[in-house]
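For reference, the structure is listed below as structure tokens.
Numbering (my numbering), first residue to last: 770 to 1101.
Written out as structure tokens, the structure is:
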């Protein structure tokens, strides 16, 4: 594995050479680090699934350099989609559109739609621009595990499985993009995944929001019931005043004077700032997921704005315990 400073001369060119040859590289975005391949090369995209051990029915997001590229890969771009792109791109919003045949079926898990976004991180944009083609990329972590927000997280997960990691510093948002689609009559936005763009900001544009109704089709990343999970079991609690195991980690929302008697503690924010909390979210979870603990306790986060996205991730991570029928972990 070759770790390169993405801002230094020659780093982008080396990464592009790997992508052009059908390889895979890890690169920074403003949300989390991505594991990317040429979106037009189905053989290269296959390597992403193999490296991550990702199920083939879970579609990937396609990253573009310019809003104009959306029209090159989407069969139809609704007016509402252009309004969203004008408002939030470059940035952490993914828009699901009907795809053109130029996008291989493996990218979209055989679906007729594709999730598209234009990242704002300068290293990501320069990588895509220099390649001259869209990059298909999920988060750069083993499937189902916590998403990486630092290059060292990628290195820890994949070691020699990825030839190049472009280091672009800590991710700005620290949580994945919000994913939406446009209703058939182009009159409302359907939310598939809460993320770094709070839905309230979309509603502020005068747009009607609707939550995606559950079905058997996985149309976007993160829609599976169990995801974003640490190795150790995670249990969501109302407050640390509950009886907690000493051999545990605790993820708190706001730092408090009174501290739980656990082995490791991380607080997402000093004063309840949701942006600060989101930026720290995955990084803190990775730090708390240690071999010498039995469980991670996570304090509930306000279910508003970016808090919706973080609670969504916690609920999916907690499914490990729920699926095993464990509500209060006893250390066994």
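Yeah, the Cβ is synthetic: ideal placement off N, Cα and C, and Gly gets one too. Here the structure is a predicted model, which is why all the values come from computation and not from measurement.
Could you pull the start and end residues of the beta strand (DSSP E) that residue i belongs to?
i: residue 978; result: 977 to 980
i: residue 806; result: 803 to 807
i: residue 843; result: 843 to 845
i: residue 867; result: 862 to 868
i: residue 831; result: 830 to 832
i: residue 883; result: 882 to 886
i: residue 1034; result: 1033 to 1038
Expressed to the nearest angstrom, what Euclidean distance is found between the alpha-carbon atoms of residue i and residue j?
i: residue 960; j: residue 789; result: 34 Å
i: residue 827; j: residue 804; result: 15 Å
i: residue 1061; j: residue 936; result: 29 Å
i: residue 931; j: residue 1081; result: 29 Å
i: residue 800; j: residue 941; result: 6 Å
i: residue 982; j: residue 825; result: 22 Å
i: residue 1003; j: residue 901; result: 42 Å
i: residue 785; j: residue 971; result: 34 Å
i: residue 791; j: residue 1026; result: 53 Å
i: residue 1057; j: residue 796; result: 24 Å
i: residue 1052; j: residue 806; result: 24 Å
i: residue 798; j: residue 1014; result: 36 Å
i: residue 1055; j: residue 999; result: 7 Å
i: residue 860; j: residue 913; result: 24 Å
i: residue 783; j: residue 924; result: 18 Å
i: residue 1072; j: residue 975; result: 21 Å
i: residue 949; j: residue 898; result: 25 Å
i: residue 837; j: residue 951; result: 18 Å
i: residue 854; j: residue 777; result: 30 Å
i: residue 845; j: residue 868; result: 8 Å
i: residue 822; j: residue 911; result: 7 Å
i: residue 1087; j: residue 779; result: 42 Å
i: residue 1005; j: residue 921; result: 27 Å
i: residue 857; j: residue 933; result: 29 Å
i: residue 835; j: residue 1007; result: 43 Å
My understanding is that residue i touches residue j, with C-beta atoms under 8 Å, so please give their C-beta distance in whole angstroms.
i: residue 965; j: residue 947; result: 6 Å
i: residue 1037; j: residue 1019; result: The Cβ separation is near 11 Å, so there is no contact.
i: residue 963; j: residue 1077; result: 4 Å
i: residue 814; j: residue 876; result: 6 Å
i: residue 907; j: residue 817; result: 7 Å
i: residue 1046; j: residue 1070; result: 7 Å
i: residue 849; j: residue 955; result: 5 Å
i: residue 1033; j: residue 916; result: So it is not a contact: roughly 20 Å between Cβ atoms.
i: residue 748; j: residue 833; result: Residue 748 lies beyond the residue range present for the chain, which begins at 770 and ends at 1101; the question has no answer from this structure.
i: residue 879; j: residue 918; result: With 8 Å as the limit, residue 879 and residue 918 do not qualify as a contact, their Cβ atoms being about 30 Å apart.
i: residue 866; j: residue 892; result: Not a contact, Cβ separation roughly 25 Å.
i: residue 905; j: residue 808; result: 4 Å
i: residue 1075; j: residue 1044; result: 6 Å
i: residue 1009; j: residue 1068; result: 7 Å
i: residue 781; j: residue 842; result: That belief does not hold up - the Cβ atoms of residue 781 and residue 842 are roughly 22 Å apart, past 8 Å.
When we look at the beta-carbon of residue i and count the other beta-carbons within 10 Å, is it buried (16 or more) or exposed?
i: residue 830; result: buried
i: residue 978; result: exposed
i: residue 1092; result: At residue 1092 the pLDDT is 46, less than 50, meaning the model places this residue with poor confidence and gives no usable figure here.
i: residue 719; result: A query on residue 719 cannot be resolved here, the shown segment of the chain reaching from 770 to 1101 and no further.
i: residue 1040; result: exposed
i: residue 1065; result: buried
i: residue 953; result: exposed
i: residue 895; result: buried
i: residue 770; result: exposed
i: residue 969; result: exposed
i: residue 1030; result: exposed
i: residue 881; result: exposed
i: residue 1098; result: In this prediction, residue 1098 scores a pLDDT of 42, lower than 50, which makes its location untrustworthy; the coordinate-derived value is nonetheless stated afterwards. Label assigned to residue 1098: buried.
i: residue 802; result: buried
i: residue 980; result: exposed
i: residue 1028; result: exposed
i: residue 1016; result: exposed
i: residue 864; result: buried
i: residue 871; result: exposed
i: residue 926; result: buried
i: residue 775; result: buried
First and last residue of the alpha helix (DSSP H) that includes residue i?
i: residue 1014; result: Here residue 1014 belongs to no alpha helix (DSSP H), and DSSP marks it neither H nor E.
i: residue 849; result: 848 to 857
i: residue 898; result: 891 to 900
i: residue 926; result: 920 to 927
i: residue 1000; result: That residue, residue 1000, is in no alpha helix (DSSP H); it is neither H nor E in DSSP.
i: residue 969; result: 968 to 972
Any beta carbon of chain D sitting closer than 8 Å to that of residue i?
i: residue 1068; result: Any reference to chain D falls outside this structure, which holds one protein chain only.
If you measure from the CB of residue i, is any heavy atom of the ligand SAH nearer than 7 Å?
i: residue 1055; result: No copy of the ligand SAH appears in this structure; indeed no ligand is present at all.
### In chain order, each alpha helix (DSSP H) run of at least 4 residues that lies wholly inside the segment 772 to 825
If we require 4 residues or more, the alpha helix (DSSP H) runs fully inside the segment 772 to 825 come out as 780 to 789 and 811 to 821.
### Task
Could you tell me which uninterrupted alpha helix (DSSP H) segments, each at least 4 residues in length, are contained entirely in the segment 929 to 958, listed from first to last along the chain?
Qualifying alpha helix (DSSP H) stretches: none in this window.
#### Entry: Secondary structure, beta strand (DSSP E): runs of 3+ residues fully inside the segment 1041 to 1091
Taken in chain order, the whole beta strand (DSSP E) runs of length 3 or more contained in the segment 1041 to 1091 are 1064 to 1068.
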